[in-house]
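Let me begin by presenting the structure, written as structure tokens, before commenting on it.
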Amino acid sequence: MSASVEELLQQNSTRLWRAREPGGAQAARAPTGLPTGHVALDRCLPGAGWPRQGLIEILSDQRGIGELRLLLPALAALCRDEGAAAVYPPPRSSDARCQAGSALLPQDRGSGGWVAWVSPPYCPYAPALAAWGIDVTRVLVVQGAGTTEWAMDQALRSEACSAVLGWANPRDPQALRRLQLAAESSRSLAVLYRPLQAGLTPSPAVLRLALLGGSEGLQVRIVKSRGGRPATVNLGH
Amino acid sequence: MAPLARRRVTPALHPSLSVPVPGRGPAAQSRPRELWLAIHLPALMLDSLRDAARALPGQPPVAIVDLERNGKVVRACDEAVHAAGVREGMSINAALALLPGLHTLARDARRERQLLEAVAQRSLRFSPRVSLEPPDGVLLEVRGSLRLFGGARQLCVRLQQELFDATGATTRLAITPAPLASLWFARCGPPGARSAFVRNREELAGRLAPLPLDCARWPERTVETLGTMGVRTVGDCLRLPRDGFARRCGKELLAALDRATGRAQEPRAAFAASERFAARRDLEPEIDDTARLGFALAPLLDELCRFLRERGRCVQAIEVQLRHREAPLTRVRLRFVQPVGAQPQHMAGLLRERLGRLVLPQPVRNVRLLSGPLIDLQADAVELFAHDRRESGENLPHLVERLRARLGNAAVHGLECVPEHRPEAAWRIVEPVMGRGRKRPSPQPSPGKPGEGVLAASHATAGESRDEGALRPLWLLDVPEPCDVRRLVFEEGPECIESGWWDGRDVARDYYVARGGQGERLWVFRNRRDAGGTGWFLHGWFA
């Protein structure tokens, strides 16, 4: 009997969250996440990358410390994946230092849909995005101050976007909850940028990262990670 | 089939007409390929203003007046007024002297055109080939319709009845193998007469002969000149030598005679129905909140969708008009990213978003739903697997639509790179590219290698060896902000950008990448033309 339970645990290893298990070991077995492109960060995340479902919160007050660069390799991988027909099954590298984009799951195949930028603080600069490998023709900018959560919700539910980035600070826990539910049911990468202060209040997000700039480079503090552990990573410049 | 009205032709006319006329070919075919039915609206002016006349209190006698050279002149009047001695062409003062209770209405050319189009629209039920002959004629090719409607007589009776029921227009009809001849017959028939019907082309010249020349609507001077020569009917004209007639009256009139007698073909421009949907609903009781308004509109949307489904068409825009008790009309226009067919839920969803941000000045008494022009439905292969939907970008138009319905059109856009040296001109806002052919030919080379194409054209003086893509900030400020560089550490630069002299927004700047105390990277520049060189500006963040 106990053997069959063991089997079940083995089969459902990706869906089960086992608190005891360090994220890295689980990640090595089944890299469910979308590689961030930052090896040090991948190591600390369960699934060895950005969670594909559920809301990601990035808390940051400073501009220009690399808050977008943190995300761009993954976005570029999503774009690149659309151009080149992804190979399935993806090459499984036991090496944790896998490059972003090489471990895309079959459901990501052809998912190089749009990247929605909802209420960004400034307009994302197209030439720089192109230089980072992002298909500028697939960028959708939505200026919806005050209705960011709604617009993100719509974008997530539409399944038209492979990633939805939003800038807002929802004060209403209900709004956050709704957003998290939409992100959970959607196949899009959902990222919400909030001020650092928001880290003090609880959130249903799957992953919360606090960013701090400094002379040594970008410091990423994992505030909350479902299935993972709090940690601090220095990504350098 | 018996001709509808056989006009007796004086026997004397026939031999003269059978005199060989130059240009006339061998015996024309007895069964012409086309039969044209002309609809003439003899009382177009009155009919077009019938509604306005009925709305007058007390039903006074009515005359239509129009401004001409010498003041207002009566152009049309009903029988009662005619009986009192008022005639067309009479000045308004003379008419009022004859009939003091006369009510005059100004002629409305727009309404006349609308009535004519309504008649043409209705006529499409009887034949697919309909052509307008402004100001007061419509032509139908009915050769193929005769059998269906049980002969010419039946067709004419039904058409006249239907036109009267639908538009209130009184009409006079004629059927001949030549469009122009049909028009002439229809114009000059006495009121109440049976419709003229000429089946064969050979008969045409003979049957046209007794018609007075007025029916041809030739220039008044020409008709007068011909009258002084004793030429008063079409037959008289046909008897004249062709070259002499052409010299006196012009080649156009000779050509018209040829067309009327069927010697020359007359191609007709087809009338295309500009169909739109319009429906209204009175709200009882009045509605003052937008949520209930959405429910009130649902039946109208259903009706619109049925309308579209029946025709296999779709619309690109719809408009909702909300009528209030006193406040002016509230219009809500909805434009779709892609033509929308019979999808009531989709429309209702968008409408709900739009109505949600509407502030009603007053409760709504009445709603109208209007469609934009109808567009042919484009059959599109449907993806078998939902998985592929995202790839084809099929959901995006709906998303953009929903977002725009609430946030406005300008709030949702795409981006495009522009090959330009000036950073602020190196990109622009574009309409998001929808659909499958989404790969827009971009001025940028494929963004494979970072930096390729971004700086290729700009004469960078530094950082050539480095990852040049990193030399453009991810956030660019709309307007450069003055900034204090004293506590910044300069990492890269200068990159000199000097360009744009041709459009008046030329720049000459030295750009530097600088790092702040918190580890933030900034893109700052100094104006080269600034003599002192002390003014520094922040232009972007390397986020």
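Chains as they are written, first to last, in this note's numbering: chain W, 4 to 240; chain Z, 112 to 654. Yeah, the Cβ is synthetic: ideal placement off N, Cα and C, and Gly gets one too.
Check whether the Cβ of W/I59 lies closer than 8 Å to any Cβ atom in chain Z.
-> As a first step, residue 59 of chain W is located in the first sequence; it is residue number 56 there, counting from the start. It does not: the Cβ of W/I59 has no partner Cβ on chain Z nearer than 8 Å.
Please determine, among W/G136, W/V118, W/P124, the residue with the shortest C-alpha to C-alpha distance to W/L168.
-> Your numbering for residue 168 of chain W matches position 165 in the first sequence. Out of W/G136, W/V118, W/P124, W/V118 has the C-alpha closest to the C-alpha of W/L168.
Euclidean distance between Cα positions of Z/R218 and Z/D325 | Sequence index remark: in the second sequence, residue 218 of chain Z carries index 107 (1-based). Sequence index remark: in the second sequence, residue 325 of chain Z carries index 214 (1-based). Z/R218 and Z/D325: Cα-Cα distance of roughly 23 Å.
For Z/Q432, which residues does DSSP report across the bridge?
-> Position 321 of the second sequence, counting from 1, holds the residue named residue 432 of chain Z. According to DSSP, Z/Q432 bridges with Z/R442, Z/R479.
Check Z/T215 in the structure and name its three-state DSSP category.
-> Position 104 of the second sequence, counting from 1, holds the residue named residue 215 of chain Z. Reduced to three states, the DSSP call for Z/T215 is strand.
Kindly indicate if chain W contains any beta-carbon less than 8 Å away from that of Z/C607.
-> Looking up residue 607 of chain Z in the second sequence gives position 496. Cβ-Cβ to chain W under 8 Å: no for Z/C607.
Can you tell me the Cα-Cα spacing of Z/W613 and Z/W634, whole angstroms?
-> Numbered from 1 along the second sequence, position 502 holds the residue referred to as residue 613 of chain Z. Numbered from 1 along the second sequence, position 523 holds the residue referred to as residue 634 of chain Z. Their Cα atoms are separated by approximately 25 Å.
Decide if the stretch 186 to 205 of chain W is in contact with the stretch 54 to 67 of chain W; the criterion is three or more beta carbon pairs, one per stretch, under 8 Å apart.
-> yes
List the residues of chain W that Z/F636 touches, going by C-beta distances under 9 Å, in chain order.
-> In the second sequence, counting from the first residue as 1, residue 636 of chain Z sits at position 525. None at all; the shortest Cβ gap to chain W is about 15 Å.
According to the neighbour-count rule (16 or more other Cβ atoms, all chains shown, within 10 Å of its Cβ), is W/L203 buried or exposed?
-> On the first sequence, residue 203 of chain W is found 200 positions in, with the first residue counted as 1. Label assigned to W/L203: exposed.
Does W/A171 have its Cβ less than 8 Å from a Cβ in chain Z?
-> In the first sequence, residue 171 of chain W corresponds to position 168, counting from 1. By this cut-off, W/A171 is not an interface position.
Assign Z/T339 to one of two classes, buried (16 or more other C-beta atoms within 10 Å of its C-beta) or exposed (fewer than that).
-> If you number the second sequence from 1, residue 339 of chain Z lands on position 228. With fewer than 16 other Cβ atoms within 10 Å, it is exposed.
Are there 16 or more other CB atoms within 10 angstroms of the CB of W/T235, so buried, or fewer, so exposed?
-> The residue given as residue 235 of chain W occupies position 232 in the first sequence. Label assigned to W/T235: exposed.
Local Cβ density within 10 Å of Z/V470, reported as buried at 16 or more and exposed below that = Taking the second sequence and counting its residues from 1, the one referred to as residue 470 of chain Z is at position 359. Classification of Z/V470: exposed, given that the 10 Å Cβ count is below 16.
Would W/R229 count as contacting chain Z if we go by Cβ distances under 8 Å?
-> The count along the first sequence starts at 1 and reaches residue 229 of chain W at position 226. No, no contact with chain Z.
Tell me which same chain residues have a C-beta within less than 6 Å of the C-beta of W/G69, skipping the five on either side of it?
-> Taking the first sequence and counting its residues from 1, the one referred to as residue 69 of chain W is at position 66. Once the five neighbours on either side are set aside, the close Cβ partners of W/G69 are L221.
Between the stretch 309 to 321 of chain Z and the stretch 335 to 351 of chain Z, do at least 3 Cβ pairs fall closer than 8 Å?
-> yes
Same chain, Cβ closer than 6 Å to Z/V253, five either side skipped, listed in chain order | For the purposes of this step, residue 253 of chain Z is taken as the residue at position 142 of the second sequence. Cβ neighbours of Z/V253 beyond the five flanking positions: L146, L148, S238.
Name the chain Z residues whose beta carbon is nearer than 8 Å to that of W/R66?
-> The residue labelled residue 66 of chain W in the question sits at position 63 within the first sequence. What W/R66 touches in chain Z: W586, E631, W652, A654.
To which residues does DSSP link W/V223 through a beta bridge?
-> Here residue 223 of chain W is taken as the residue at index 220 of the first sequence, counted from 1. Partner(s): W/L214, W/V236.
Pull up the DSSP beta-bridge partners for W/L203, would you.
-> Within the first sequence, residue 203 of chain W is the residue found at index 200, counting from 1. Answer is none; W/L203 lacks a bridge partner.
Could you tell me how far apart the beta carbons of Z/S448 and Z/V511 are, in whole angstroms, since I believe they sit closer than 8 Å?
-> As a first step, residue 448 of chain Z is located in the second sequence; it is residue number 337 there, counting from the start. As a first step, residue 511 of chain Z is located in the second sequence; it is residue number 400 there, counting from the start. It should be noted that the sequence gives Val, not Ser, for residue 448 of chain Z. The pair is a contact, with the Cβ atoms about 5 Å apart (cut-off 8 Å).
Check the DSSP bridge columns for Z/T344 and list the partner residues they point to.
-> By 1-based counting over the second sequence, the position of residue 344 of chain Z is 233. Answer is Z/P323, bridged to Z/T344.
Using the Cα positions of Z/R515 and Z/H524, report the straight-line distance between them to the nearest angstrom.
-> Taking the first residue of the second sequence as position 1, residue 515 of chain Z is located at position 404. Taking the first residue of the second sequence as position 1, residue 524 of chain Z is located at position 413. If I take the Cα positions, the gap works out to 10 Å.
Would you verify that the beta carbon of W/G69 is, or is not, closer than 8 Å to some beta carbon of chain Z?
-> Position 66 of the first sequence, counted from the start, is the residue given in the question as residue 69 of chain W. True, the Cβ-Cβ gap to chain Z drops below 8 Å.
Are the C-beta of Z/E527 and some C-beta of chain W separated by less than 8 Å?
-> By 1-based counting over the second sequence, the position of residue 527 of chain Z is 416. Cβ-Cβ to chain W under 8 Å: yes for Z/E527.
Check the Cβ-Cβ distances between Z/H509 and every residue of chain W, and say whether any is below 8 Å.
-> Counting from 1 along the second sequence, the entry for residue 509 of chain Z is found at position 398. So, interface residue.
How is Z/F447 classed by DSSP in three states: helix, strand or coil?
-> Counting from one through the second sequence, the residue named residue 447 of chain Z turns up at place 336. The answer is strand: DSSP assigns Z/F447 an E or B state.
Listed from N- to C-terminal order along the chain, which residues in the stretch 146 to 175 of chain W have their beta-carbon within a distance smaller than 7 Å of any beta-carbon of chain Z?
-> Q146, G147, T150, A154, Q157, A158, S161, E162, A163
So with Cβ pairs under 8 Å, would you call W/S188 a contact of chain Z?
-> Reading the first sequence from its first residue, position 185 is the one you call residue 188 of chain W. No, because no Cβ of chain Z sits closer than 8 Å to the Cβ of W/S188.
Starting from the N-terminal side, write out each stretch of the alpha helix (DSSP H) that is 4 residues or longer and does not extend beyond the stretch 120 to 193 of chain W.
-> 129 to 134, 151 to 161, 176 to 188
Kindly confirm or deny that the stretch 452 to 470 of chain Z and the stretch 381 to 397 of chain Z touch, where touching means at least three C-beta pairs closer than 8 Å.
-> no
Cβ of Z/L167 within 8 Å of Cβ of Z/H214?
-> Translated into positions along the second sequence, residue 167 of chain Z becomes position 56. Translated into positions along the second sequence, residue 214 of chain Z becomes position 103. Yes; because the gap between Cβ atoms is below 8 Å, this pair is in contact.
Straight-line CA distance for Z/S129 to Z/R312?
-> Working through the second sequence from its first residue, we reach residue 129 of chain Z at position 18. Working through the second sequence from its first residue, we reach residue 312 of chain Z at position 201. Confidence is the limiting factor: at Z/S129 the pLDDT is only 36, short of 50, which leaves the residue's position unreliable and the question unanswerable from this model.
Please work out which residues of its chain come closer than 7 Å, Cβ to Cβ, to W/A178, disregarding the five sequence neighbours upstream and downstream, and give them in chain order.
-> If you number the first sequence from 1, residue 178 of chain W lands on position 175. Same-chain partners within the cutoff: E152.
Given a threshold of 16 other Cβ atoms within 10 Å of its Cβ, counted over all protein chains shown, does W/G149 qualify as buried or as exposed?
-> Against the first sequence, residue 149 of chain W aligns to sequence position 146. That one is exposed.
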